[in-house]
Each structure stands twice: as structure tokens, then as C-alpha cells.
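S.K.: In the numbering used here, the protein residues as written are 40 to 161. Where is the CB? At the ideal position from N, CA and C, for every residue including glycine.
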Amino acid sequence: MNVARHRITYNADDARHLSDDYMNADTYYWQDHNQDAKFQTDEKSDLFSVMGGKYRSVAWGTKQPSYFVFEIPFHFLLGRHTVSFLQSYRKYNHNLTTGFDKAAIPYGYSVNQGDKDTMSEF
Numbered sequence: 040m041n042v043a044r045h046r047i048t049y050n051a052d053d054a055r056h057l058s059d060d061y062m063n064a065d066t067y068y069w070q071d072h073n074q075d076a077k078f079q080t081d082e083k084s085d086l087f088s089v090m091g092g093k094y095r096s097v098a099w100g101t102k103q104p105s106y107f108v109f110e111i112p113f114h115f116l117l118g119r120h121t122v123s124f125l126q127s128y129r130k131y132n133h134n135l136t137t138g139f140d141k142a143a144i145p146y147g148y149s150v151n152q153g154d155k156d157t158m159s160e161f
């Protein structure tokens with residue numbers, strides 16, 4: 040029988056996700072005034088959304104993810120062979136998730152806004 044609690048380690052991707060220079064973008068509305076379906080700088084309209092590391096932060100009280108494991112092995116002989124089964128239970132705690140303070144739509148999924156389309160500036 041095995042009973043254990045394991046911590047899930049942080050890695051470089053976790054730190055990079057919060058970095059001020061990771062995947063930053065400002066998304067603007069685009070009004071195609073001349074109807075050529077090609078973006079020109081003067082067609083950029085109002086700010087639609089922002090994204091990236093400089094807009095992210097870690098919530099107060101965040102704990103390191105971990106999991107609890109409980110395993111019971113079953114071994115028996117079948118002729119000259121040993122057959123093993125392992126029954127395992129795992130419970131994950133403190134999973135890291137991304138949350139939003141508003142509904143997802145204001146955060147800039149590419150959607151058509153009537154006569155306004157969106158474009159991203161990286």
C-alpha cells in the first residue's frame with residue numbers, strides 16, 4: 040500500500056506566463072474605410088482589449104498545487120507468472136486556474152462587431 044502527498048513543482052512556463060514581456064498585445068477595432076480588406080494605420084479605431092503578462096497577477100492566497108495518492112497493489116500467481124493490478128486514487132489540490140473579473144467576451148476574443156472588426160497589435 041502507498042499513501043503519499045506530492046507537490047507539483049513550478050516551472051519556467053509558470054514564471055514566463057506572469058512576465059511583463061510575455062505575449063502582450065493590444066487589440067483594436069478596425070474600420071475598413073476603403074473596403075480593400077487590408078489594414079492601414081489610419082483605419083485603427085478604439086481599443087477593444089488587452090492581453091499578456093503585464094496584465095496578469097497572482098491572486099492573494101495562492102498555494103502550490105499538490106496531489107494526494109492512495110494506491111493498493113494486488114499481486115497473485117497465475118501458474119509460473121506473477122500478475123499485478125494497482126488500484127489508485129488521486130486527489131489534486133490547489134490547481135492553478137485563470138480567472139477573469141468580467142465575462143470572457145470583453146477580454147477580446149476575435150468577434151465581429153457589426154461594421155467593426157478587430158485587429159491585434161503585438
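1. What's the call for PHE115, buried or exposed, on a 16-neighbour Cβ count within 10 Å?
2. Taking the CB atoms as reference points, tell me whether GLU82 and TRP99 lie closer together than 9 Å.
3. MET62: beta carbon under 8 Å from a heavy atom of the ligand SAM?
4. Using 8 Å for Cβ pairs, my map puts ARG95 next to HIS120. What's the rounded Cβ distance?
5. Here's the rule I'm using: 16 or more other beta-carbon atoms within 10 Å means buried, otherwise exposed. How should ARG44 be labelled?
6. Distance, Cα to Cα, THR80 vs TYR131?
7. When you compare each of THR66, PHE109, ASP60 to SER88 by their alpha carbons, which one comes out closest?
M.R.: Put simply:
1. Numbered from its first residue, the sequence shown carries residue 115 at position 76. Exposed.
2. By one-based count along the sequence shown, residue 82 stands at place 43. By one-based count along the sequence shown, residue 99 stands at place 60. Contact flag unset, no.
3. No copy of the ligand SAM appears in this structure; indeed no ligand is present at all.
4. Here residue 95 refers to the residue found at position 56 when the sequence shown is read from its first residue. Here residue 120 refers to the residue found at position 81 when the sequence shown is read from its first residue. Going by Cβ atoms, the distance from ARG95 to HIS120 rounds to 54 Å, so no, they are not a contact pair.
5. Locating residue 44 in the sequence shown gives position 5, counting from the first residue. Flag for ARG44 reads exposed.
6. As a position in the sequence shown, residue 80 is number 41, starting the count at 1. As a position in the sequence shown, residue 131 is number 92, starting the count at 1. In this model, THR80 and TYR131 are separated by some 48 Å (Cα to Cα).
7. By 1-based counting over the sequence shown, the position of residue 88 is 49. Answer by Cα proximity: THR66.
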